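60 is the number of the first residue of the sequence shown in this note's numbering; add one for each residue after it.
Beta carbons are placed, not taken as given, at the ideal position from N, Cα and C, and that holds for glycine.
Computed from a predicted structure; not experimentally measured.
Working notes for the structure below.
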Amino acid sequence: MEMFRKLSNQFIRQLLSFSGAVTGIAILFISFFLFKEGAGLFKASSIEKGYVLVVNSANPVGKLSSHQIKEIFDAEITNWNAVGGKNQEIRIFRIDDIFNEYSNTEIGENYEHLPEKLAKVIQKNEGIIAFLPHQYAPINSPSLKELPTENISFSDYFLGKEYLPTATPAPLFGVLPLLFGTLLVSVMAIALALPLGLGVAIYMSELADERIRKFLKPVIELLAGIPSVVYG
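Spelled out as C-alpha coordinates, the structure:
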(Lines of atoms letter the chains of each structure in order from A and count residues from 1; the text may use other names and numbers.)
(Lines give C-alpha, C1' and ligand atoms only; values in the text may rest on other atoms or scores of the structure.)
Protein backbone atom coordinates (compact mmCIF):
# COMPACT_ATOMS: atom_id res chain seq x y z
CA MET A 1 0.00 0.00 0.00
CA GLU A 2 2.81 2.38 0.91
CA MET A 3 4.64 1.53 -2.31
CA PHE A 4 1.49 2.16 -4.34
CA ARG A 5 1.09 5.56 -2.70
CA LYS A 6 4.70 6.47 -3.49
CA LEU A 7 4.31 5.34 -7.10
CA SER A 8 1.09 7.29 -7.56
CA ASN A 9 2.64 10.40 -6.00
CA GLN A 10 5.66 10.07 -8.27
CA PHE A 11 3.41 9.57 -11.30
CA ILE A 12 1.34 12.63 -10.42
CA ARG A 13 4.49 14.74 -9.96
CA GLN A 14 5.87 13.63 -13.31
CA LEU A 15 2.52 14.21 -14.97
CA LEU A 16 2.31 17.73 -13.55
CA SER A 17 5.91 18.43 -14.58
CA PHE A 18 5.21 17.16 -18.10
CA SER A 19 2.00 19.21 -18.33
CA GLY A 20 3.84 22.33 -17.14
CA ALA A 21 6.62 21.78 -19.67
CA VAL A 22 4.16 21.28 -22.54
CA THR A 23 2.21 24.37 -21.49
CA GLY A 24 5.40 26.45 -21.26
CA ILE A 25 6.57 25.32 -24.72
CA ALA A 26 3.12 26.03 -26.19
CA ILE A 27 3.12 29.53 -24.70
CA LEU A 28 6.61 30.18 -26.13
CA PHE A 29 5.51 29.07 -29.61
CA ILE A 30 2.32 31.13 -29.42
CA SER A 31 4.27 34.19 -28.27
CA PHE A 32 6.84 33.72 -31.05
CA PHE A 33 4.10 33.36 -33.67
CA LEU A 34 2.20 36.41 -32.44
CA PHE A 35 5.31 38.60 -32.34
CA LYS A 36 6.35 37.37 -35.78
CA GLU A 37 2.93 38.22 -37.23
CA GLY A 38 2.87 41.55 -35.40
CA ALA A 39 6.31 42.51 -36.71
CA GLY A 40 4.95 42.10 -40.24
CA LEU A 41 2.77 45.15 -39.63
CA PHE A 42 5.84 47.39 -39.92
CA LYS A 43 6.59 45.99 -43.38
CA ALA A 44 3.08 46.70 -44.66
CA SER A 45 2.10 49.64 -46.82
CA SER A 46 0.16 52.46 -45.20
CA ILE A 47 -2.74 51.91 -47.63
CA GLU A 48 -4.86 48.84 -48.19
CA LYS A 49 -3.03 45.91 -49.76
CA GLY A 50 -3.55 45.55 -53.51
CA TYR A 51 -4.57 49.19 -54.03
CA VAL A 52 -2.78 52.33 -55.19
CA LEU A 53 -3.42 56.06 -55.09
CA VAL A 54 -3.25 57.77 -58.48
CA VAL A 55 -3.32 61.51 -59.25
CA ASN A 56 -2.93 63.70 -62.31
CA SER A 57 0.72 64.23 -63.26
CA ALA A 58 0.15 68.02 -63.09
CA ASN A 59 -0.52 67.71 -59.36
CA PRO A 60 2.63 68.89 -57.50
CA VAL A 61 1.92 66.75 -54.42
CA GLY A 62 4.41 63.90 -54.38
CA LYS A 63 3.63 62.10 -51.12
CA LEU A 64 0.90 61.85 -48.50
CA SER A 65 1.07 60.48 -44.98
CA SER A 66 -1.48 57.91 -43.81
CA HIS A 67 -3.07 60.56 -41.59
CA GLN A 68 -3.42 62.97 -44.53
CA ILE A 69 -4.92 60.22 -46.69
CA LYS A 70 -7.45 59.44 -43.98
CA GLU A 71 -8.43 63.11 -43.63
CA ILE A 72 -8.78 63.52 -47.41
CA PHE A 73 -11.06 60.51 -47.78
CA ASP A 74 -13.04 61.59 -44.70
CA ALA A 75 -13.53 65.01 -46.37
CA GLU A 76 -11.73 66.75 -43.50
CA ILE A 77 -9.21 68.06 -46.05
CA THR A 78 -10.96 69.32 -49.18
CA ASN A 79 -8.28 71.44 -50.87
CA TRP A 80 -4.86 70.42 -52.14
CA ASN A 81 -3.20 73.51 -50.65
CA ALA A 82 -3.64 71.93 -47.19
CA VAL A 83 -1.11 69.22 -48.15
CA GLY A 84 1.30 71.37 -50.16
CA GLY A 85 -0.53 71.42 -53.49
CA LYS A 86 -2.33 74.02 -55.56
CA ASN A 87 -5.36 75.97 -54.39
CA GLN A 88 -7.66 73.41 -55.94
CA GLU A 89 -10.57 71.36 -54.69
CA ILE A 90 -9.90 67.67 -54.11
CA ARG A 91 -12.09 65.22 -55.98
CA ILE A 92 -12.15 61.74 -54.47
CA PHE A 93 -12.55 58.93 -56.98
CA ARG A 94 -13.11 55.25 -56.26
CA ILE A 95 -13.31 52.38 -58.71
CA ASP A 96 -17.12 52.21 -58.56
CA ASP A 97 -17.38 55.84 -59.70
CA ILE A 98 -16.25 54.85 -63.20
CA PHE A 99 -19.71 53.42 -63.86
CA ASN A 100 -21.12 56.93 -63.47
CA GLU A 101 -18.84 58.06 -66.30
CA TYR A 102 -19.06 55.16 -68.75
CA SER A 103 -21.52 52.41 -69.56
CA ASN A 104 -20.83 48.72 -69.06
CA THR A 105 -20.48 48.33 -72.82
CA GLU A 106 -17.77 50.99 -72.98
CA ILE A 107 -15.89 49.45 -70.08
CA GLY A 108 -16.11 45.97 -71.56
CA GLU A 109 -17.66 42.73 -70.47
CA ASN A 110 -14.39 41.59 -68.83
CA TYR A 111 -13.29 45.13 -67.89
CA GLU A 112 -10.74 45.07 -70.70
CA HIS A 113 -11.18 48.81 -71.32
CA LEU A 114 -11.29 49.78 -67.64
CA PRO A 115 -7.66 51.01 -67.30
CA GLU A 116 -8.08 53.16 -70.41
CA LYS A 117 -11.31 54.73 -69.13
CA LEU A 118 -9.80 55.33 -65.69
CA ALA A 119 -6.85 57.09 -67.32
CA LYS A 120 -9.19 59.38 -69.26
CA VAL A 121 -11.12 60.37 -66.14
CA ILE A 122 -7.95 61.16 -64.18
CA GLN A 123 -6.43 63.07 -67.13
CA LYS A 124 -9.47 65.36 -67.30
CA ASN A 125 -9.43 66.20 -63.57
CA GLU A 126 -6.26 67.78 -62.22
CA GLY A 127 -7.60 67.79 -58.65
CA ILE A 128 -8.59 64.13 -58.58
CA ILE A 129 -7.20 61.46 -56.26
CA ALA A 130 -8.16 57.94 -57.29
CA PHE A 131 -8.12 54.91 -55.01
CA LEU A 132 -7.86 51.99 -57.42
CA PRO A 133 -7.04 48.27 -57.46
CA HIS A 134 -3.47 47.83 -58.65
CA GLN A 135 -4.50 45.46 -61.45
CA TYR A 136 -6.66 48.13 -63.12
CA ALA A 137 -4.65 51.25 -62.25
CA PRO A 138 -3.27 52.97 -65.39
CA ILE A 139 0.02 53.79 -63.68
CA ASN A 140 2.02 53.56 -66.94
CA SER A 141 0.16 56.48 -68.48
CA PRO A 142 2.47 59.55 -68.80
CA SER A 143 -0.32 61.92 -67.75
CA LEU A 144 -0.80 60.15 -64.39
CA LYS A 145 1.36 59.31 -61.42
CA GLU A 146 1.12 56.94 -58.52
CA LEU A 147 1.56 58.46 -55.08
CA PRO A 148 4.27 56.54 -53.21
CA THR A 149 3.23 55.18 -49.84
CA GLU A 150 5.40 54.62 -46.80
CA ASN A 151 5.40 51.53 -44.63
CA ILE A 152 3.82 51.76 -41.20
CA SER A 153 6.58 53.02 -38.88
CA PHE A 154 7.27 52.44 -35.20
CA SER A 155 6.48 56.09 -34.48
CA ASP A 156 3.11 55.77 -36.26
CA TYR A 157 2.32 52.76 -34.10
CA PHE A 158 3.62 53.82 -30.69
CA LEU A 159 2.98 57.59 -30.97
CA GLY A 160 -0.09 57.61 -33.22
CA LYS A 161 -3.17 59.22 -31.69
CA GLU A 162 -5.78 57.31 -33.72
CA TYR A 163 -6.50 53.59 -33.82
CA LEU A 164 -8.70 52.87 -36.84
CA PRO A 165 -7.59 49.51 -38.29
CA THR A 166 -10.62 49.32 -40.61
CA ALA A 167 -10.26 52.83 -42.08
CA THR A 168 -10.17 52.95 -45.89
CA PRO A 169 -7.91 53.45 -47.74
CA ALA A 170 -5.33 54.06 -45.00
CA PRO A 171 -5.83 52.19 -41.72
CA LEU A 172 -4.35 53.83 -38.62
CA PHE A 173 -2.68 51.80 -35.87
CA GLY A 174 -1.74 54.35 -33.20
CA VAL A 175 -1.88 52.65 -29.80
CA LEU A 176 -1.68 55.77 -27.62
CA PRO A 177 -5.51 55.94 -27.21
CA LEU A 178 -5.55 52.29 -26.12
CA LEU A 179 -2.75 52.83 -23.61
CA PHE A 180 -4.24 56.00 -22.17
CA GLY A 181 -7.69 54.38 -22.05
CA THR A 182 -6.27 51.43 -20.12
CA LEU A 183 -4.45 53.74 -17.70
CA LEU A 184 -7.56 55.86 -17.18
CA VAL A 185 -9.70 52.81 -16.45
CA SER A 186 -7.00 51.55 -14.06
CA VAL A 187 -6.89 54.84 -12.14
CA MET A 188 -10.69 54.93 -11.90
CA ALA A 189 -10.76 51.30 -10.74
CA ILE A 190 -8.12 51.99 -8.08
CA ALA A 191 -9.98 55.08 -6.87
CA LEU A 192 -13.16 53.01 -6.53
CA ALA A 193 -11.65 49.79 -5.20
CA LEU A 194 -9.11 51.18 -2.72
CA PRO A 195 -11.56 52.47 -0.08
CA LEU A 196 -13.79 49.43 -0.54
CA GLY A 197 -10.79 47.11 -0.21
CA LEU A 198 -9.59 48.83 2.94
CA GLY A 199 -13.08 48.65 4.41
CA VAL A 200 -13.37 44.94 3.66
CA ALA A 201 -9.89 44.29 5.10
CA ILE A 202 -10.74 46.11 8.33
CA TYR A 203 -14.05 44.27 8.59
CA MET A 204 -12.42 40.88 7.97
CA SER A 205 -9.62 41.38 10.49
CA GLU A 206 -11.45 43.26 13.25
CA LEU A 207 -15.20 42.70 13.06
CA ALA A 208 -16.10 39.49 11.21
CA ASP A 209 -16.43 36.29 13.22
CA GLU A 210 -14.58 33.10 12.25
CA ARG A 211 -17.46 31.58 10.26
CA ILE A 212 -17.95 34.65 8.06
CA ARG A 213 -14.19 35.06 7.64
CA LYS A 214 -13.83 31.48 6.36
CA PHE A 215 -16.63 32.07 3.85
CA LEU A 216 -15.50 35.48 2.60
CA LYS A 217 -11.75 34.79 2.35
CA PRO A 218 -11.85 32.44 -0.70
CA VAL A 219 -14.49 34.64 -2.37
CA ILE A 220 -12.28 37.73 -2.05
CA GLU A 221 -9.23 35.79 -3.26
CA LEU A 222 -11.16 34.74 -6.37
CA LEU A 223 -12.25 38.32 -6.99
CA ALA A 224 -8.63 39.44 -6.68
CA GLY A 225 -7.73 37.28 -9.67
CA ILE A 226 -10.18 39.00 -12.03
CA PRO A 227 -8.00 42.07 -12.81
CA SER A 228 -5.03 39.90 -13.80
CA VAL A 229 -7.25 37.90 -16.17
CA VAL A 230 -8.68 41.07 -17.70
CA TYR A 231 -5.25 42.64 -18.22
CA GLY A 232 -3.88 39.38 -19.60
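Is it the case that the Cβ atoms of residue 207 and residue 122 are separated by a distance below 9 Å?
yes
Entirely within the segment 102-180 and at least 3 residues each: give me those beta strand (DSSP E) ranges in chain order.
List check, beta strand (DSSP E) in window: 110-115, 150-153.
Could you tell me the boundaries of the alpha helix (DSSP H) in which residue 260 lies?
235-261
Put residue 68 into one of helix, strand or coil per three-state DSSP.
helix
Are the segment 190-198 and the segment 142-159 touching by the rule of at least three beta carbon pairs closer than 8 Å?
The segment 190-198 vs the segment 142-159: in contact.
Which term fits residue 163, buried or exposed, when burial requires 16 or more other beta carbons within 10 angstroms of its beta carbon?
exposed
Between the C-alpha atoms of residue 256 and residue 247, what's the straight-line distance to the nearest angstrom?
14 Å
Supposed close pair residue 229, residue 105 - CB separation, criterion 8 Å
5 Å
Given residue 205, which residues of its chain have a CB within under 6 Å of its CB, disregarding the five upstream and five downstream residues?
111, 113, 198
Looking at the structure shown, is residue 279 part of a helix, part of a strand, or coil, going by DSSP?
helix
So the candidates are 149, 118, 216, 67; which of them puts its Cα closest to the Cα of residue 135?
Comparing Cα-Cα distances from residue 135 to each of 149, 118, 216, 67, the minimum goes to 149.
Would you be able to state if there are at least three C-beta pairs under 8 Å between the segment 72-88 and the segment 159-174?
Two segments are said to touch when three or more pairs of C-beta atoms, one from each, lie closer than 8 Å; by this definition the segment 159-174 does not touch the segment 72-88.
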